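*Asks:*
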Amino acid sequence: MDSLKIERDGAGLRVRIEGAAREAQGFEQAVSACRRVSLWSCPSGECARVDSCQCERDGEAVVLRLAPRPGETLSAAGIGECLRYMLGKPAAAARR
């Protein structure tokens, strides 16, 4: 991952990831899988607060739009920690 930019977008967060397109798209799938089985694999536990994750391409970058569960607030620092953990896992590196 070359760069990670997280900014507030209404009640949610907008995350722009440069240089890790496949891994970022995998993050969307990982968050969805975690929500289905209620197993939070990242150390921050922030993914437990994610209600929806939309993934779109913007050139070579991937943009994730994260919305919180009702009554929750997403932490940019927590999501950053979660993304660094998820994108740094050996499985992510093997997909390159």
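Residues in the sequence shown are numbered from -8 upward in steps of one, following our numbering. Using N, Cα and C, we set each Cβ at its ideal position, and we do this for glycine too. These numbers come from a predicted model, not from an experiment.
Apart from the five residues just before and just after I73, which ones in its own chain have a Cβ nearer than 6 Å to its Cβ?
*Replies:* According to the sequence shown, residue 73 is Cys rather than Ile. Around C73: C33, S35, E37 and C38.
*Asks:* To the nearest angstrom, how far is the alpha carbon of L(-5) from that of Q45?
*Replies:* Answer to the nearest angstrom: the Cα atoms are 16 Å apart.
*Asks:* By the DSSP assignment, the beta strand (DSSP E) with L(-5) in it spans what residues?
*Replies:* Run containing L(-5): S(-6) to D0, per the beta strand (DSSP E) assignment.
*Asks:* Looking at the structure shown, is L57 part of a helix, part of a strand, or coil, going by DSSP?
*Replies:* L57: strand per DSSP, three-state reduction.
*Asks:* Measuring CB to CB, does I(-3) end up less than 9 Å from A67?
*Replies:* Cβ distance < 9 Å, so I(-3) and A67 count as in contact.
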